[in-house]
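Below is one structure, written out as structure tokens; comments come after it.
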Amino acid sequence: MNIGPSPDPIALQVVWPGLTPRPLSGSEAAAIQGWFPMALNDTVALHSLLFGALSHKRLNLLKGSAQPDDPAVAHLEMDMRRCEAESISLINKALRDSKNVITDAVIVSVLAMATNAWDSTLQRFQTQPATQPIFDPLLKSLQWLDVYGLLSAHPVHAAGLVQLIALRGGLNNIQTTGLAAIISYSGVIQASRTLTQPVFPFVPLADDGDRTATLWGMLGTCPNELRDEFTYSSLFDLGLTTELAVVWVAMQRYEHGVERFVDGALPDLDLARLCDRRNLIQHTLLSLPSHADLPSATRPRPIYEPTRLAMLIYALTVIFPLPAQTAPIPTLVRQLKSALRQSDMRSISSSPQAERLLMWILVIGGAAARDVPEERVWFVAALRRLSSPLGIKKFEDLKKAVLKRILWLDRACDAAGKSLWAEVSALGG
């Protein structure tokens with residue numbers, strides 16, 4: 370029996386395989402394995418998943434050379450509007466009947482509505498000029514982050530999604546392959562844009578993944594073993610928390626793996642697991658409390674907050690790179706400057722390790738302040754004051770002595786770093 374429109378070929382061939390990459394041990398992408406049968410057997414899922422595929426097409430057109438009034442864009446929007454209206458009608462019908470259970474089909478439909486307030490997304494394209502990213506991240510399209518990071522969330526539908534999942538007893542009770550992982554991923558994207566803790570727990574894409582995964586498990590080690598690692602022990606000795614230090618080490622290992630993959634040294638890299646590592650890093654980093662939110666009795670040293678904020682900037686521009694239009698970089702830059710002022714930079718640079726960390730923080734803040742001139746000037750001046758006594762004059766010296774010992778992906782970061790350092794050098798006359 371024909372129940373309406375068929376799944377769009379772009380969903381089967383492009384969107385779903387990219388959103389849920391096939392693990393090396395699997396035969397097909399999770400979304401194709403779980404969502405395609407759902408779309409064929411449930412009209413509410415069919416219309417909402419078609420809405421998502423059309424939205425993907427539209428965003429790619431808008432990201433390219435198409436204008437918002439382009440006929441191709443207008444045609445897609447007409448189809449989207451019809452799918453959206455039908456989806457909402459079917460969702461409401463399913464939820465009105467108290468005898469109906471909350472199915473995975475209803476949840477995937479509400480997810481499609483919750484993550485895509487497409488009129489607001491269009492308004493951004495019409496009113497905000499596209500800006501160049503601070504850094505040039507590798508794998509920025511992994512799991513379509515460059516596309517879905519542009520979408521505006523619909524607050525009413527988003528709140529409804531949270532309620533429905535709570536009524537189901539949490540993400541662990543969602544059985545459709547890949548669905549819980551994508552709901553978790555959507556929460557990480559939204560939390561990254563708003564700088565809040567993710568509303569959903571982390572759920573891995575890999576079908577044999579541990580739904581209670583932690584960074585400790587991902588690193589395959591325990592705190593005592595990790596203390597022997599130079600970076601971790603140095604950060605820990607500076608007075609940072611165990612949780613922050615382990616995120617740092619995970620970020621280092623992740624970007625090293627990405628670099629090797631791009632260089633062709635890891636031809637058989639499992640992209641599903643790579644997505645899981647990246648998303649778990651970002652989920653954990655966003656979940657770290659601010660310095661003010663930590664108990665006063667166990668509060669770490671003042672360098673904790675500048676470090677946390679600089680790591681967020683680096684993550685949002687290199688590790689989990691949101692599109693420049695939606696990444697809250699100016700907000701983070703101002704917060705970082707305020708945290709550095711409150712911490713008294715002279716008191717936190719009390720050792721060679723602390724000086725290197727502070728220098729890295731200032732470089733990340735200065736690079737991120739590219740489009741905020743008054744903040745850029747402040748970071749450049751602070752870098753000049755700190756670099757002079759350290760004897761760092763050339764950018765290559767800075768990379769060797771500081772950046773590469775902490776977090777720095779050459780291919781992604783060098784251009785922005787050199788531009789910043791040119792301003793620091795010019796300030797010295």
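Under our numbering, residues 370 to 798 are what the sequence shown spells out, in order.
Virtual Cβ for every residue (Gly too), placed ideally from N, Cα, C.
_At 4 residues or longer, what runs of the alpha helix (DSSP H) sit wholly inside the region 705-779?_
Runs found: 714-717, 721-737, 742-759, 764-770.
*Count the other C-beta atoms from every protein chain shown that fall within 10 angstroms of the C-beta of E765, then say buried if there are 16 or more, exposed otherwise.*
exposed
_Buried versus exposed, by CB contacts within 10 Å (16 or more), D779_ = exposed
*Evaluate contact between the region 605-618 and the region 650-657, counting only Cβ atoms and requiring at least three cross-stretch pairs below 8 Å.*
yes
*Mind checking which residues open and close the alpha helix (DSSP H) that includes A483?*
473-483
*When the Cα of V627 is compared with those of L726, A781, W513, which residue comes out closest?*
Sorting L726, A781, W513 by C-alpha distance to the C-alpha of V627 places A781 at the top.
_CA-to-CA distance, A499 to A693, given in whole angstroms_ = 8 Å
*asked:* Comparing C-alpha positions only, which one of L607, D505, L705 sits nearest to R677?
replied: Residue L705 is the option with its Cα nearest to R677.
*Cβ pair count under 8 Å reaching 3, the region 743-761 against the region 657-664*: no
*Quick one: grab the DSSP three-state call for V470.*
coil
*Assuming R562 contacts P697 (C-beta within less than 8 Å), just tell me the rounded distance between them.*
Right, the Cβ-Cβ distance comes to about 6 Å (below 8 Å), so this counts as a contact.
_Looking at the secondary structure, which residues open and close the alpha helix (DSSP H) in which A634 lies?_
Neither: A634 is in no alpha helix (DSSP H) and is coded neither H nor E.
*asked:* Since P695 and G518 should fall inside the 8 Å C-beta cutoff, what is the C-beta to C-beta distance between them, to a whole number of angstroms?
replied: Position check: residue 695 holds Thr in this sequence, whereas Pro was assumed. Yes, T695 and G518 are in contact; Cβ-Cβ is about 6 Å, under 8 Å.
*asked:* Rounded to the nearest angstrom, what separates A320 and I503 at their Cα positions?
replied: As displayed, the chain neither begins before 370 nor continues past 798, which places residue 320 out of reach and without an answer.
*asked:* Going by DSSP in three states, F504 sits in which element: helix, strand or coil?
replied: For F504, the three-state secondary structure derived from DSSP is coil.
*Is the CB-CB distance between L588 and R622 below 8 Å?*
Yes, Cβ-Cβ distance for L588 and R622 is below 8 Å.
*Determine the extent of the alpha helix (DSSP H) in which P583 is found, giving its start and end residues.*
Sequence inspection shows Thr at residue 583; the Pro mentioned does not correspond to that position. Premise fails: T583 is in no alpha helix (DSSP H) and is neither H nor E.
_Which runs of the alpha helix (DSSP H) at least 4 residues long sit entirely within the region 379-454? Give them in chain order._
385-388, 399-410, 412-432
*Would a C-beta distance cut-off of 8 Å place A679 and V702 closer than the cut-off?*
no
*Measuring CB to CB, does L464 end up less than 8 Å from T412?*
Taking 8 Å as the Cβ cut-off, L464 and T412 do not qualify as a contacting pair.
*From this set, F420, P699, D439, which residue's C-alpha is nearest E743's C-alpha?*
P699
_Length of the line joining the Cα atoms of G547 and S553_ = Taking the straight line joining both Cα atoms gives about 10 Å.
*Going by Cα to Cα distance, which pick from Q436, M447, P440 is closest to L419?*
Distances from the alpha-carbon of L419 to those of Q436, M447, P440 put M447 closest.
*Which residue comes first and which comes last in the alpha helix (DSSP H) that contains S656?*
640-656
*Please name the residue, chosen from A481, L643, S720, that lies closest to I457 on a Cα-to-Cα basis.*
Closest by alpha carbon: A481.
*Stretch-stretch touch, CB-based, cutoff 8 Å, three pairs: the region 391-409 with the region 466-482*: yes
*What span of residues does the alpha helix (DSSP H) with Q559 cover, start to end?*
548-563
*Please classify M621: does DSSP put it in a helix, a strand, or coil?*
Per the sequence shown, residue 621 should be read as Gln rather than Met. Helix at Q621.
*Please report the residue range of the alpha helix (DSSP H) in which L530 lies.*
524-536
*If you compare alpha carbons, which of G735, L691, S720, P690 is closest to L709?*
Nearest neighbour of L709 by Cα position, chosen from G735, L691, S720, P690, turns out to be G735.
*What three-state label does DSSP hand K509 in the structure shown?*
Note: K509 maps to coil in three-state DSSP.
_Nearest by alpha-carbon distance to N461: which of K426, I682, L530 is it?_
L530
*N-terminal and C-terminal residue of the alpha helix (DSSP H) that V516 is part of*: The continuous alpha helix (DSSP H) containing V516 extends over residues 514-517.
*Alpha carbon to alpha carbon, how far is I733 from Y683?*
7 Å
*Selected residue, minimal CA-CA separation from A575, among V793, A398, L796, W729*: A398
*Inspect the beta-carbon positions of A422 and V470 and report whether they are closer than 8 Å.*
no
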